[in-house]
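Report on one structure; see the data block that follows.
2 protein chains.
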Amino acid sequence: MRRDGLRTALATVCLSGTLEDKLTAAADAGFDGVEIFEPDLVAAPLSPGDVRVRCADLGLSIDLYQPFRDLDSTDPDRFAANLRRAERKFDVMAELGADTVLVCSSVSPDAVTDDDRLAEQLATLADGAARRGVRIAYEALAWGAHVNTYEHSWDVVARADHPALGLCLDSFHILSRGSDPAPIADIPGEKLFFLQLADAPHLSMDVLQWSRHHRLFPGQGAFDLPAFLRPVLAAGYAGPLSLEVFNDVFRQADPVPTAVDARRSLLALAEATARAEAATAGAVAEAPADGAAAAEAPADGAAVAGAVGAGRRAAPATVAIDPVNAPAPPLAGHAFVEITAEPHAAGQVGAALSALGFVRTGRHRTKPVERWEQGRARVLVNARGNDGAALGALAVESADPPAAARRAQRLLAPLLPRERGPAEADLAAVAAPDGTPLFFCRTGAGGPGGWSTDFVPTREAPRAGIGITGIDHVGLSEPFDHFDEAALFYRSVLGLTPVSAGEFAAPFGLVRGRALTDEARTVRVALTVARLRRGDWAPAVADPQYVAFATDDVLAAARAARDAGAPLLAIPDNYYDDLGARLELPPERLAAYRDLGVLHTVDHPDGGVYLQVGTELLGGRLFLLLVQRVDGYDGYGWADAPVRMAAHRRNRLVRTTL
Amino acid sequence: MRRDGLRTALATVCLSGTLEDKLTAAADAGFDGVEIFEPDLVAAPLSPGDVRVRCADLGLSIDLYQPFRDLDSTDPDRFAANLRRAERKFDVMAELGADTVLVCSSVSPDAVTDDDRLAEQLATLADGAARRGVRIAYEALAWGAHVNTYEHSWDVVARADHPALGLCLDSFHILSRGSDPAPIADIPGEKLFFLQLADAPHLSMDVLQWSRHHRLFPGQGAFDLPAFLRPVLAAGYAGPLSLEVFNDVFRQADPVPTAVDARRSLLALAEATARAEAATAGAVAEAPADGAAAAEAPADGAAVAGAVGAGRRAAPATVAIDPVNAPAPPLAGHAFVEITAEPHAAGQVGAALSALGFVRTGRHRTKPVERWEQGRARVLVNARGNDGAALGALAVESADPPAAARRAQRLLAPLLPRERGPAEADLAAVAAPDGTPLFFCRTGAGGPGGWSTDFVPTREAPRAGIGITGIDHVGLSEPFDHFDEAALFYRSVLGLTPVSAGEFAAPFGLVRGRALTDEARTVRVALTVARLRRGDWAPAVADPQYVAFATDDVLAAARAARDAGAPLLAIPDNYYDDLGARLELPPERLAAYRDLGVLHTVDHPDGGVYLQVGTELLGGRLFLLLVQRVDGYDGYGWADAPVRMAAHRRNRLVRTTL
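Protein chains in written order, with full-length UniProt numbering: chain A, 1 to 658; chain B, 1 to 658.
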């Protein structure tokens with residue numbers, strides 16, 4: 001951004017690799033600055049002066065040096081030694097050109113517990129810092145021995161009342177303790193020296209372990225970060241929005257996409273905060289003028305026009321949002337899914353679609369792609385794949401495809417170059433984190449987003465179908481390193497809401513699932529990932545993708561499909577014996593389930609029943625699913641996914657040589 | 001075992017795969033029986049009758065069907081429905097031929113909290129079970145809504161006083177709560193229907209999550225399982241020793257080695273329990289006769305001769321140990337390590353050894369293997385490798401090599417076939433879990449374990465060396481799926497004790513470490529593993545192996561090595577600036593460290609200092625290390641391992657094209 005709004009920064013500890021790897025990745029992703037995590041510098045061959053030059057070359061400022069631990073001490077000799085240690089770090093900072101250092105509250109048994117004495121020790125440190133042109137940002141660790149809340153850290157900083165001493169606020173330390181962030185708005189903005197942002201899932205574990213291993217980028221976890229950011233901005237904070245995320249997966253993943261994911265999280269957070277701000281704007285008397293001005297500015301960043309440098313509470317801080325980055329245009333369902341398959345597998349997929357009641361309604365003008373339709377379900381089968389069958393592309397119905405694509409790019413989704421003939425529709429596609437193209441469409445329309453005109457009608461006879469009404473959802477198995485990234489991508493780029501998160505024990509290891517949908521439930525995406533990577537021994541079948549078709553009568557649909565020769569997946573009798581023991585279903589219903597291979601799942605906290613019938617695997621790791629949602633069921637049937645996965649494994653053992 | 005001692009069993013939930021995969025793996029590892037975990041059966045295409053036949057074919061008994069959840073209810077209709085559900089499960093058990101079912105204490109909000117009423121409901125269930133020839137083993141889950149201690153479960157079972165109702169004891173549920181297992185000895189043995197064993201690391205987290213994801217096989221975690229098992233056997237428990245281990249890694253790893261690891265854990269536990277028993281035997285008046293008899297029996301299993309079928313407390317149960325499975329013969333250091341390298345890398349290794357003051361003292365009679373020596377450090381360089389350089393074999397000095405090898409085989413270590421010439425020594429080697437050969441030797445001796453005679457002396461001139469006195473330890477980077485297995489292997493087969501466990505944030509992700517040693521610290525093995533698997537982007541250099549040589553003066557040794565041209569690893573200046581700030585070392589000492597690349601580590605809770613100087617990587621992923629332990633330092637310098645890893649990464653970037 002590096003524009004009028006707040007700046008974005010990234011702590012080097014967020015990324016994997018050496019310091020050199022990290023700086024390059026942060027710069028490439030567009031960050032304005034970095035926090036230098038001390039262990040990264042200590043292990044680097046670059047001198048602090050070299051790092052300063054490297055950062056300058058990359059256009060990165062060094063916004064924070066961190067962390068300095070266990071400053072205060074009840075032992076005067078220890079405290080004196082700690083001050084000498086700090087002086088050495090001020091030397092390093094001078095070479096780096098960094099003017100703010102993070103000092104954590106002590107976790108040591110000799111931590112000072114008298115607040116006046118603590119304030120005095122911090123002021124002594126701040127004196128030394130001021131002589132070197134350095135500022136101390138004091139942070140309460142959630143597990144600090146004495147100081148472990150932001151209120152307490154603010155009390156100590158206020159007592160010390162030293163111009164070179166201020167606060168560092170970290171959303172994890174504050175929200176993990178359940179502290180209310182609202183009173184932050186009452187802290188003078190000029191005493192907020194630094195802001196570190198991190199999200200996290202709700203976990204019932206030791207807070208230190210939770211912090212060190214499970215932090216996430218904003219929007220990937222369970223914390224309400226807009227509600228945290230608003231009082232910070234309202235207080236007049238004018239420093240960077242900086243990410244400090246300790247995460248085991250990110251720590252071992254390619255830093256380049258992780259840095260993009262990180263920056264996307266801040267862009268999305270800025271937008272969400274602005275929207276929350278806007279929603280309450282009517283209630284804020286002073287806001288409109290500034291907000292409106294910012295909204296009209298031609299800025300092309302996801303600008304967070306905070307009250308930069310404003311005096312305390314002169315006006316409530318406003319997070320402005322520029323017009324291009326307005327909310328995602330409304331969605332109206334899945335436009336189509338494309339299945340890419342090598343020719344033989346494409347034949348298998350076509351035969352299965354036909355048996356499921358689909359009609360081949362069109363052939364692409366220039367490519368080996370067929371269009372199949374039933375109800376509002378549309379499937380393109382692209383015979384240009386070269387390895388089995390896979391989901392080749394997703395497409396959503398958007399109220400404004402060009403705006404949606406621009407917004408996606410603003411959220412750092414790469415625009416995909418498309419090869420198209422002169423008469424073909426100009427469809428904008430961006431790449432999801434796993435590389436899958438995502439199209440923004442307006443089915444049936446001409447102009448941007450119109451795609452149907454690329455197909456020559458086949459004039460095949462219309463059929464009644466088997467009762468499929470549309471695409472219920474797509475099931476994507478994500479690469480291990482990109483699961484949280486994918487969830488944030490669909491959340492931010494499509495404006496979806498995470499609705500389900502879960503974990504289940506599948507035959508080849510634990511699988512984590514997360515699903516996202518729009519408010520009207522017209523677009524649903526279900527993501528899964530193996531919690532650990534697959535062992536060498538686990539078959540590829542452990543990670544299938546699928547397309548789920550909606551029906552209002554899964555029994556009738558499955559029966560019709562089977563009669564037409566659909567390769568329905570056989571489910572073991574044991575499952576039905578257990579189902580009968582658990583639920584005491586009417587015998588004829590249970591018999592019909594058993595006959596057709598229907599899974600009957602009741603795993604959603606809000607109730608309802610999920611009925612699903614799958615096909616065998618087509619081309620190795622793709623299957624089709626018929627689903628019926630009964631009584632408002634809003635989940636994805638994960639409780640029965642292990643049964644389906646075992647059946648697919650058997651299916652594959654029978655049909656192929658593994 | 002299926003001999004006179006207690007039998008061994010494995011819950012299918014311990015392993016990855018389908019039910020068919022699991023049964024085969026359990027049988028291959030030599031288990032006598034299995035617990036059938038219900039979700040495994042539900043997802044299986046085999047009918048319960050088929051499973052019965054399959055198990056019989058494999059020589060497995062079905063010792064338990066599990067689990068039946070949430071039986072009791074304050075709602076009479078619900079309780080009636082639960083009884084009907086149980087009847088369906090009794091049907092399944094009849095087909096399976098299983099006579100014991102595990103019933104967990106309820107976690108439901110409608111759990112009965114009146115103990116008399118609860119006992120009554122359990123007795124009602126037991127009535128139904130008795131009619132079907134089934135026994136109910138009631139278990140207190142550590143997170144049960146009302147019943148969550150074994151004492152409470154026993155109280156309820158005693159109140160019910162029903163012959164078909166007894167207890168299931170699970171070491172995890174009992175030890176995770178910190179309960180004292182000793183009073184178990186007072187429970188009548190005939191009421192202990194089943195015993196489930198699991199170990200676990202100490203973790204500060206929700207007990208349900210701890211249980212579901214982090215259990216380990218006995219000997220891999222932190223629980224004192226011999227102290228748990230002894231009162232159970234003393235009570236007269238005569239059922240199988242059965243493992244129920246929910247572990248995320250095992251759940252996705254090849255079930256065949258995991259099952260071997262599992263059975264090894266029971267053999268080692270039986271031995272450890274017997275040893276604990278023997279240690280206190282003098283204090284037990286009735287024991288000697290039985291114990292001595294068992295010790296002379298020619299049993300070839302790691303026999304646990306419990307008081308099988310004995311009436312309650314007729315005599316204290318004795319865990320007998322047969323002579324072959326006596327404690328590991330004492331160790332007296334590393335005999336040698338073998339480095340296997342392709343010819344060019346072997347040259348690099350030889351040059352480095354020479355610069356480190358080693359003398360090439362011998363050449364193998366028939367193989368391209370050279371022997372290098374200095375002090376008691378012996379290194380074989382085998383030029384028959386085909387990919388860089390790696391640790392090819394470990395060898396320990398054993399007081400009785402043949403006994404040690406027999407013992408290793410009894411602990412399921414595969415004996416390695418060896419190709420050897422007619423005049424060559426007959427050295428017994430077994431394979432560690434990662435395939436590395438492990439030799440039992442008697443250096444300098446003839447006969448079994450004598451290996452020196454295989455080498456023709458070179459008659460190269462003796463040299464003073466650089467002060468290396470021996471091998472301090474070997475550093476092994478383990479495959480992700482086999483880390484806990486490797487730790488248990490070295491612990492049980494070599495009789496080592498785990499002394500250090502830790503985790504550190506390395507440049508390419510978190511690394512977990514565990515070290516094992518004998519009491520006298522003559523043999524040390526340090527194991528590391530990447531906590532998550534490496535991303536595609538992390539370099540091979542992230543997982544190096546090494547040999548650490550001991551010296552009493554690392555500065556002198558490093559200086560001499562450098563003067564001789566050893567490729568010492570350069571450590572960044574930043575490290576020394578930080579070290580100076582942290583420790584205020586004398587300037588000349590710091591300067592010497594900086595000059596030579598010495599890492600100075602003070603991370604062990606018992607104190608002391610670890611000084612280490614590494615070489616660059618030799619042949620890609622192996623390096624040599626000089627270490628000096630000051631003031632009794634007993635760790636492995638993990639706090640500075642990330643600095644070394646970053647330096648190796650740089651070293652490799654400079655020297656090769658990645």
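Positions of the beta carbon are idealized from the N, C-alpha and C atoms, including for glycine. Nothing here was measured: the structure is a model prediction, and the numbers come from that model.
Exercise for the section: Return the bridge partner residues of CYS55 (chain B) from the DSSP annotation. Expected result: CYS55 (chain B) pairs with nothing; no bridge assigned.
Problem - Within 7 Å of chain B by C-beta, residues of the stretch 39-66 of chain A in sequence order - result: PRO39, LEU41, VAL42, ALA43, ALA44, PRO45, SER47
Exercise for the section: Kindly indicate if chain A contains any beta-carbon less than 7 Å away from that of SER105 (chain B). Expected result: no
Exercise for the section: Keeping to the same chain, check which residues put their C-beta closer than 8 Å to that of THR361 (chain B); ignore five residues upstream and five downstream. Expected result: ARG371, TRP372, GLU373, PHE455, PRO457, THR458, GLU460
Handout entry: Residues bridged to ARG531 (chain B) (per DSSP)
Key = Paired residue(s): none; ARG531 (chain B) is not in a bridge.
Exercise for the section: Tell me, please, whether the CB atom of SER16 (chain B) is closer than 7 Å to any CB atom in chain A? Expected result: yes
Problem - Length of the line joining the Cα atoms of ALA526 (chain A) and VAL511 (chain A) - result: 12 Å
Problem - 8 Å contact criterion, which ALA25 (chain A) and PRO255 (chain A) should meet: CB distance rounded - result: 4 Å
Problem - Opening and closing residue of the alpha helix (DSSP H) in which ILE174 (chain A) lies - result: 171-175
Practice task
Report yes if the C-beta distance between LEU64 (chain B) and LEU122 (chain B) is below 7 Å; otherwise report no.
Solution key: no
Handout entry: Bounding residues of the alpha helix (DSSP H) (the contiguous stretch that carries ALA351 (chain B))
Key = 343-355
Practice task
Could you tell me whether the Cβ of ALA581 (chain B) comes closer than 7 Å to any Cβ of chain A?
Solution key: yes
Problem - 8 Å Cβ cut-off: residues of chain B touching VAL249 (chain A) - result: LEU532
Practice task
Say whether chain B places a C-beta atom closer than 7 Å to the C-beta of ALA592 (chain A).
Solution key: no
Handout entry: Minimum Cβ-Cβ distance from VAL257 (chain B) to chain A less than 7 Å
Key = Sequence inspection shows Pro at residue 257 (chain B); the Val mentioned does not correspond to that position. Not closer than 7 Å to any Cβ of chain A, the Cβ of PRO257 (chain B) fails to qualify, so no.
Practice task
For ASP170 (chain A), count neighbouring C-beta atoms within 10 Å of its own C-beta (all shown protein chains included) and say buried if the count is 16 or more, exposed if not.
Solution key: buried
Practice task
Quick one: using the 10 Å Cβ neighbour count with 16 as the cut-off for buried, is VAL523 (chain A) buried or exposed?
Solution key: buried
Exercise for the section: Output yes if chain A places a C-beta closer than 7 Å to the C-beta of ARG649 (chain B); else output no. Expected result: yes
Exercise for the section: Express the C-alpha separation of GLY178 (chain A) and LEU229 (chain A) in angstroms, rounding to a whole number. Expected result: 15 Å
Practice task
Under the assumption that PRO257 (chain A) contacts ASP32 (chain A) (Cβ atoms under 8 Å), give the Cβ distance between them as a whole number of angstroms.
Solution key: Not a contact, Cβ separation roughly 19 Å.
Handout entry: Contact set for GLY580 (chain A): own chain, Cβ-Cβ below 7 Å, skip 5 residues either direction
Key = LEU590
Exercise for the section: To the nearest angstrom, report how far apart ALA395 (chain A) and GLU584 (chain A) are at their CA atoms. Expected result: 41 Å
Problem - Length-filtered (3 minimum) beta strand (DSSP E) runs lying within the stretch 534-604 of chain A - result: 545-551, 599-601
Problem - With 16 other Cβ atoms within 10 Å as the buried cut-off, status of THR497 (chain B) - result: exposed
Problem - Start and end residues, beta strand (DSSP E) containing ARG406 (chain B) - result: Premise fails: ARG406 (chain B) lies in the alpha helix (DSSP H), 401-410, not in any beta strand (DSSP E).
Practice task
Give every residue of the same chain whose Cβ lies closer than 7 Å to the Cβ of VAL207 (chain A), excluding the five residues on either side of it in the sequence, and list them in chain order.
Solution key: ALA142, TRP143, SER176
Exercise for the section: Would you check if there are 3 or more beta carbon pairs closer than 8 Å linking the stretch 81-100 of chain A to the stretch 184-191 of chain A? Expected result: no
Exercise for the section: Could you check what DSSP says for ASP300 (chain B) in three-state terms: helix, strand or coil? Expected result: Any reading at ASP300 (chain B) must be qualified, since the residue scores a pLDDT of 33, below 50, and its modelled position is unreliable; the value itself is stated next. Correct three-state label for ASP300 (chain B): coil.
Problem - Integer Cβ distance of ARG491 (chain B) from GLY219 (chain B), believed to fall under 8 Å - result: 6 Å
Problem - As assigned by DSSP and simplified to three states, the class of ASN386 (chain B) - result: coil
Handout entry: Host alpha helix (DSSP H) of ALA126 (chain A) (start-end)
Key = 115-131
Practice task
Using the Cα positions of ASP595 (chain A) and ASP481 (chain B), report the straight-line distance between them to the nearest angstrom.
Solution key: 40 Å
Problem - Any chain A beta carbon closer than 7 Å to TRP638 (chain B) - result: no
Handout entry: Start and end residues, beta strand (DSSP E) containing PHE217 (chain A)
Key = Careful: PHE217 (chain A) lies outside any beta strand (DSSP E) and carries neither H nor E.
Handout entry: chain A contact for THR657 (chain B) (CB, 7 Å cutoff)
Key = Caution applies to THR657 (chain B), whose pLDDT of 37 falls short of 50 and renders its modelled position unreliable; the model cannot decide the point.
Practice task
Take the Cβ of GLY447 (chain A) as the centre, count every other Cβ of all protein chains shown within 10 Å, and call the residue buried at 16 or more, exposed below.
Solution key: exposed
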